[in-house]
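Here the numbering used here is used: position 51 in the sequence shown is 168, and no number is missing along the way.
Every residue, glycine too, gets a C-beta built ideally from N, C-alpha and C.
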Amino acid sequence: MPAPTLALPTSSLRHTPSPHVVYHIAIAQPVRSWLVLRRYSAFAALHAALAPLLLAELPALPPRHAARHVLGASLSRLGLGAAAPLHAGADEDAAATERRLQLQRFLRAVLCRVAAAPRTPAHDAAVPHLAAFLDMAPSDLLALAARVRDEETPTPAPAATTSSAAPAAPRAPPAAAPGGFTRAFGSAAAAPHAQETAATRALSSQALLDSQSASMAAQDAQLGDLAAVLRRQRTLAGAMNAELAQQNELLQSFGGELESVQRKMGTAQGQMKRLG
């Protein structure tokens, strides 16, 4: 599954000028991908700038005071040192993870509303604010917003295939045994007979069919919700993999530069020995 167009896979703890948490915004475009680091105050400023411009009400940000808990927990785990990433599920506690995901939902919802809103002067004024926040050109923002909206739009369920032949006539229920009454649907050999209950005893055959259809529809809805959760988990996993790949590329680049510096130092030391 491809990585999402926009996600907040991780956050980092920074100590200068004072300890604070920054959120990593991963943006995947068809031709390039990049990271944008933003503090909570930048999200709050964006919310304040967009609120009077967009027609629809913006989703709420997590409360500001919760940042103190997140920062305190991060400091107690990591101590005072260099900036370190707070990976989801490992260093982050539940409150920090929920705060990061709520900021991700806010950004994606804003992009969806930008994509759906009519082109008005207020809409055109909102685009530069959001483009600057995401470190991209305003001309590219609408395409990004459209892709995020497509990701957030649920995929319609495929239509059930129907046979060209006429539907088979429903099977007659088996004859009731003396002294009792039992309804059976489908093949009697494939499944045991359904047991009569107080809830179904007063129902007609059609009402019982309707009840079973409603139960199956509820189960289908639950399966759909579970599938949506799994898709989101795979989306987050894809974003984390993209982040790890970028970090590996940076480490490899640093390693190559270090080897180059070491070679130059060795050459310089040899020249100094010859001069001495």
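How about residue i and residue j: do their beta carbons lie closer than 9 Å?
i: S150; j: A359; result: yes
i: L178; j: A243; result: no
i: L125; j: R230; result: no
i: L261; j: Q146; result: yes
i: L259; j: L251; result: no
i: L163; j: I144; result: no
i: V265; j: A211; result: no
i: A345; j: P271; result: yes
Which word fits residue i, buried or exposed, when buried means at least 16 other C-beta atoms lie within 10 angstroms of its C-beta?
i: A283; result: The predicted position of A283 is uncertain, since its pLDDT is 49 and thus under 50; no value can be drawn from it.
i: Q221; result: buried
i: T133; result: exposed
i: T237; result: exposed
i: P121; result: buried
i: T299; result: Low per-residue confidence applies at T299: pLDDT is 49, beneath 50, and the placement is therefore not dependable, though the value from the model is reported in the following sentence. Looking at its Cβ environment, which holds fewer than 16 other Cβ atoms inside 10 Å, T299 is exposed.
i: A356; result: buried
i: R181; result: exposed
i: A213; result: buried
i: G393; result: exposed
i: A306; result: In this prediction, A306 has a pLDDT of 47, which is less than 50 and means its spatial position is unreliable; what the coordinates show is noted afterwards. So A306 ends up on the exposed side.
i: V148; result: exposed
i: V139; result: buried
Thinking C-alpha only, which one of the options is nearest residue i?
i: V153; options: R264, A165, S129; result: S129
i: L228; options: D327, D267, T214, A212; result: D267
i: A173; options: P235, L368, D342; result: P235
Rounded C-beta distance between residue i and residue j? I'm assuming under 8 Å.
i: H137; j: T127; result: So it is not a contact: roughly 15 Å between Cβ atoms.
i: L247; j: L175; result: Not really, about 11 Å apart at Cβ, beyond 8 Å.
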